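J.: There's a structure below that I have some questions on.
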Amino acid sequence: MIRVRVPATSANLGAGFDCYGLALSLFNEVEVTLAEQTTLIIEGEGADSLPRDEGNLVLRALHWYFDAIGQSVPGLHIRTRNVIPVARGLGGSSAAIVSGLVAGNALAGDLLSPSDLLDMAVAIEGHPDNVAPALLGGIVVGVMNGGRLVTDSLPVPPGLRTVIFVPDFQMSTEEARAILPKQVSRADVVYNLSRTALFAAAMVSGNLGLLKEAMRDRLHQPYRTSMFPAMPHIIEAAVDAGALGACLSGAGSCILALVSHNDNAIAQAMQSEAQRHGVGGKSIMLDICHRGAHLY
Numbered sequence: 009m010i011r012v013r014v015p016a017t018s019a020n021l022g023a024g025f026d027c028y029g030l031a032l033s034l035f036n037e038v039e040v041t042l043a044e045q046t047t048l049i050i051e052g053e054g055a056d057s058l059p060r061d062e063g064n065l066v067l068r069a070l071h072w073y074f075d076a077i078g079q080s081v082p083g084l085h086i087r088t089r090n091v092i093p094v095a096r097g098l099g100g101s102s103a104a105i106v107s108g109l110v111a112g113n114a115l116a117g118d119l120l121s122p123s124d125l126l127d128m129a130v131a132i133e134g135h136p137d138n139v140a141p142a143l144l145g146g147i148v149v150g151v152m153n154g155g156r157l158v159t160d161s162l163p164v165p166p167g168l169r170t171v172i173f174v175p176d177f178q179m180s181t182e183e184a185r186a187i188l189p190k191q192v193s194r195a196d197v198v199y200n201l202s203r204t205a206l207f208a209a210a211m212v213s214g215n216l217g218l219l220k221e222a223m224r225d226r227l228h229q230p231y232r233t234s235m236f237p238a239m240p241h242i243i244e245a246a247v248d249a250g251a252l253g254a255c256l257s258g259a260g261s262c263i264l265a266l267v268s269h270n271d272n273a274i275a276q277a278m279q280s281e282a283q284r285h286g287v288g289g290k291s292i293m294l295d296i297c298h299r300g301a302h303l304y
C-alpha cells in the first residue's frame, strides 16, 4: 500500500499573483493499493460532490504519470480522506494532483525527480502557486520559463502563523479568473511588483512589520470583490485586530491572515466581521507547514 499526505496551500499571498504560495498544516491523505480493477472511495470533504470517474484529479494525475513514463495504468484501489475544504482557495485541487503524482511515482519505483513531478503538476493545474508549496512545503515562489517551472523557497521567520476565515460558500476558480481584466494599468503592475518584492524582503529580513503593505494588491482582489463583497471588510478587520497582513486565499473564498500574536482575537474579529455582513463560516488557526507531500 502507498500512502501519501499532502498539505493545503494558499496562493498569491496578496500581491504575488500566480507566483507565491505557502503550505498549511492541514492535510489530505490518499491510499493506493494495486488491484484487479480501479475503484475510488472518497471520504470527508467533497464526498458528495467530487467525481469518481476519470474527472477525478487524483485519477487524472495517476493516468498522466503513467502516460509520461510509457506504462499502462494498473488496476488500483484508491481511498482519499479529504480535510481540505473544497473550492475555498486552500489548494484542494492541487493536493489531489500532487497526491496522484507522488503515489504514481512511488508505485513505479521513483522514476521521476521532484522537479519532474513539479513540471507535471503545473502542466495539469495550469499555474505553479499551489502545486509548488504542496510538493515542497514552506513558502515558495515559482515562475514559468517556457513549459518548465523555476522555483525557490523563502525562509519562514520564527513564530509566523496563519489565521484563516473559511466561509460557508464556495467560489469557482474558473469564474474568479474569468472576472479579471485582460489588461491592467502600468501603475497597478508597478504597485504589485514592488509589494511582491517587499514580501520577499520581509521573509528574508524577518521584518514582519512590512507585511501589512506587502500583502496589498491591485491585480485580482479588487475585481473579485464583486463575487465576495465582504472580503475587504474582513481583511481590514483582521489587520485592525493585529494581523501582520491579510488577503484573499487563492481565488477564494477563504481569507488568510499572517499572524505572530493575538491569534484568537484575530480569528474572532474576522468571524464577527463576516457575520456582520451576513456571511457564515468559521476561523481556523494553522501553522505554516515546512514539509510538502510525503509518503507515510
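Using this note's numbering, read the sequence shown as starting at 9 and increasing by one per residue. The beta-carbon is built from N, C-alpha and C at its ideal position, and this holds for glycine as well. Model, not experiment: these values are computed from the prediction.
#1: By a C-beta neighbour count over all protein chains shown, 10 Å radius and 16 as the cutoff for buried, is Met179 buried or exposed?
#2: Nearest CA to the CA of Ser280: which residue from Pro230, Arg232, Ile243 and His85?
#3: Strictly by DSSP, which residues pair up with Gly29?
#4: Write down every uninterrupted run of the alpha helix (DSSP H) in the region 139-220 whose length is 4 residues or greater and which is fully enclosed by it, in chain order.
#5: Can you tell me whether His228 is buried or exposed? The criterion is at least 16 other CB atoms within 10 Å of its CB, across all chains shown.
#6: Leaving out five residues before and five after Pro136 in sequence, what residues of the same chain have Cβ atoms less than 6 Å from its Cβ?
#7: Tell me where the beta strand (DSSP E) around Asp295 begins and ends.
#8: Name the one or two DSSP bridge partners that Leu303 has.
#9: Tell me which residues share the same chain as Thr21 and place their Cβ nearer than 7 Å to its Cβ, disregarding the 5 neighbours each side in the sequence.
#10: By how many angstroms is the C-alpha of Leu201 removed from the C-alpha of Leu65?
#11: Between which two residues does the alpha helix (DSSP H) holding Leu109 run?
#12: Whole angstroms is fine: what's the gap from Pro166's alpha carbon to Thr47's?
#13: Looking at C-beta atoms only, is the number of pairs between the region 111-123 and the region 33-42 that lie closer than 8 Å three or more?
#14: Going by C-alpha to C-alpha distance, which of Ile92, Tyr231, Ala184 and His285 sits closest to Val192?
#15: Assess contact between the region 119-126 and the region 284-292, defined as three or more Cβ pairs (one per stretch) separated by less than 8 Å. Is contact present?
#16: Do Gly83 and Leu115 have their C-beta atoms closer together than 8 Å?
#17: In whole angstroms, what separates the C-alpha of Glu221 from that of Ala210?
#18: Is Ala259 near Gly99, with beta carbons less than 8 Å apart?
#19: Report buried or exposed for Arg194, applying the criterion of at least 16 other Cβ atoms within 10 angstroms of its Cβ.
#20: Per DSSP, what kind of secondary structure is Leu227 in: helix, strand or coil?
#21: Please report the straight-line C-alpha distance between Ala16 and Asp196, rounded to a whole angstrom.
#22: Quick check: is the beta carbon of Glu183 nearer than 8 Å to any beta carbon in chain D?
#23: Going straight from the alpha carbon of Pro163 to that of Ile92, what length do you get?
#24: Where does Ala282 fall in DSSP's three states?
#25: Check the C-beta distance from Ala273 over to Ala249 and give it rounded, since I have them as a contact under 8 Å.
#26: Use the C-beta contact count for Pro175: other C-beta atoms within 10 angstroms, 16 or more gives buried, fewer gives exposed.
#27: Please state whether DSSP places Arg68 in a helix, a strand or coil.
T.: Quick look at the numbers:
#1: buried
#2: Ile243
#3: Under the DSSP definition of a beta bridge, Gly29 partners with Ala19 and Val148.
#4: 139-144, 181-186 and 194-213
#5: buried
#6: Excluding sequence neighbours, Pro136 sits near Val130, Gly150 and Leu157.
#7: Gly289 to Asp295
#8: Val12
#9: Per the sequence presented here, residue 21 reads as Leu, with Thr not at that position. Hits under 7 Å: Tyr28, Leu30, Phe207, Met223 and Cys255.
#10: 33 Å
#11: Gly100 to Ala116
#12: 43 Å
#13: They touch, by the three-pair rule.
#14: Tyr231
#15: no
#16: no
#17: 10 Å
#18: no
#19: exposed
#20: coil
#21: Taking C-alpha positions only, Ala16 is separated from Asp196 by approximately 29 Å.
#22: Annotation note: the requested chain D is absent from the structure, which comprises a single protein chain.
#23: So the alpha carbons of these two residues sit roughly 25 Å apart.
#24: helix
#25: 5 Å
#26: By the 10 Å Cβ count, Pro175 comes out buried.
#27: helix
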